[in-house]
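In my numbering, the protein residues as written are -19 to 279.
No residue lacks a Cβ here, since even glycine has one placed at the ideal position from N, Cα and C.
The structure displayed is predicted, hence computed values, not measured ones.
This is the structure we're talking about:
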């Protein structure tokens, strides 16, 4: 697949989630992360109680998040599986209450079709599946029947094995090939192309130099003609480069996000909404990839 040198105006930079058009043509959207987990790499254990998770989500909405992503099972390297029931018990009370309180779309980060189905019934409208619907064969039919949006992410291996020995001849080409195949599978399963968002999977089965190459050539993925979501927030490869622990990677994250926005990322998944909102606004305003910002005369 040929690499692109620009960002085509014809590229479909919007998607539908249960009939709602979510438009990311004029500015990047911010997806705030709420992990209801014991072992997520950054905030594991902070929001296990539903009231704390709900309060945190409301804080992110107040900071300007365009979407909220709820996760009940960690996908960090080496994470452990949890049962379907445990994941339901964590996720559903939070989704149900947020659906009453907020009008922005709610995404649920899961690979389990029953969790997805229940979350969609409780008010979610996006399923964020790190396995690109390969882990649970029933996931595609759940998404198709509901009219939900789905985020298809590239991963090599599983969260438990992905960082053992990832290997690529051409990481960008292989990510494009994988995602293109998953898009075709989703369409065959009855999911509308306009309900699909793609995620290159930074940190998922990739070494530091793979992540950097993917970031450098991110605009190549625009050939897939779907909005790109990126999750760069406080990732391990950023910590390796700047020699900082996870608690102190905000500036490295900011630099990576600015580059991703310049190269066409449309949805930015972050832990720190307020800070990264400013980064995204500035990067979009300065980038030739975003032509909707007027040019004023202010110094």
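Query raised in the report: Does the segment 94 to 102 touch the segment 71 to 86, meaning 3 or more C-beta pairs lie closer than 8 Å?
Result: Taking 8 Å as the limit for Cβ pairs, the verdict is that the segment 94 to 102 does touch the segment 71 to 86.
**Report entry** Contact under 8 Å by Cβ, residue 248 with residue 256
**Finding:** yes
Query raised in the report: Is the distance from the Cβ of residue 137 to the Cβ of residue 185 below 8 Å?
Result: yes
**Report entry** Cβ separation of residue 40 and residue 50, assumed to be a contact under 8 Å, to the nearest whole Å
**Finding:** With a Cβ gap of about 11 Å, residue 40 and residue 50 do not count as contacting.
Query - Integer Cβ distance of residue 198 from residue 145, believed to fall under 8 Å - result: No, residue 198 and residue 145 are not in contact; Cβ-Cβ is about 24 Å, not under 8 Å.
Query raised in the report: Looking at the structure shown, is residue 83 part of a helix, part of a strand, or coil, going by DSSP?
Result: coil
**Report entry** Residue from 236, 67 and 132 whose Cα sits closest to the Cα of residue 191
**Finding:** Residue 236 is the option with its Cα nearest to residue 191.
Query raised in the report: DSSP three-state call for residue 32: helix, strand or coil?
Result: When secondary structure is reduced to three states using DSSP, residue 32 falls in the helix class.
Report task. Compute the Euclidean distance between the alpha carbons of residue 171 and residue 151, then round it to the nearest angstrom. Result -> 27 Å
Query raised in the report: Nearest to residue 91 by alpha carbon, out of 83, 85 and 68?
Result: Nearest option by C-alpha distance: 68.
Query raised in the report: Can you name the residues that DSSP bridges to residue 0?
Result: DSSP, once it has assigned bridges, lists -3 as partnering residue 0.
Query raised in the report: Does the distance from the C-beta atom of residue 124 to that of residue 107 stay below 8 Å?
Result: no
Query raised in the report: Where residue 267 and residue 241 are concerned, what is the direct C-alpha to C-alpha distance, given to the nearest angstrom?
Result: Between residue 267 and residue 241, the C-alpha separation is close to 8 Å.
Query - Span separating the alpha-carbon of residue -8 from that of residue 201 - result: 13 Å
Query raised in the report: Candidates 196, 159 and 187: which alpha carbon is nearest residue 178's?
Result: Of the listed residues, the one whose Cα sits closest to residue 178 is 159.
**Report entry** Endpoints, the alpha helix (DSSP H) within which residue 165 is located
**Finding:** 151 to 168
**Report entry** Assigned exposure category for residue 157 - 16 Cβ within 10 Å defines buried
**Finding:** exposed
Query raised in the report: Among 28, 218 and 233, which has the Cα closest to the Cα of residue 18?
Result: Across the set 28, 218 and 233, the C-alpha of 28 shows the shortest separation from the C-alpha of residue 18.
Query raised in the report: residue 113 lies in the beta strand (DSSP E); which residues open and close that run?
Result: It is not in any beta strand (DSSP E) - residue 113 carries neither H nor E in the DSSP assignment.
Query raised in the report: Can you name the start and end residues of the alpha helix (DSSP H) that residue 239 belongs to?
Result: 230 to 242
Requested in this report: Classify residue 175 as helix, strand or coil using the three-state DSSP reduction.
Outcome: helix
Query raised in the report: Where do the N-terminal and C-terminal ends of the beta strand (DSSP E) with residue 48 fall, by residue?
Result: 47 to 51
Query - Proximal residues to residue 7 (C-beta, below 6 Å), its chain only, five neighbours per side dropped - result: Setting aside the 5 residues that flank it on each side, residue 7 is surrounded in the same chain by 264, each with a C-beta closer than 6 Å to its C-beta; the list follows chain order.
Report task. Report the residue from 239, 251, 206 and 14 whose alpha carbon sits nearest the alpha carbon of residue 213. Result -> 251
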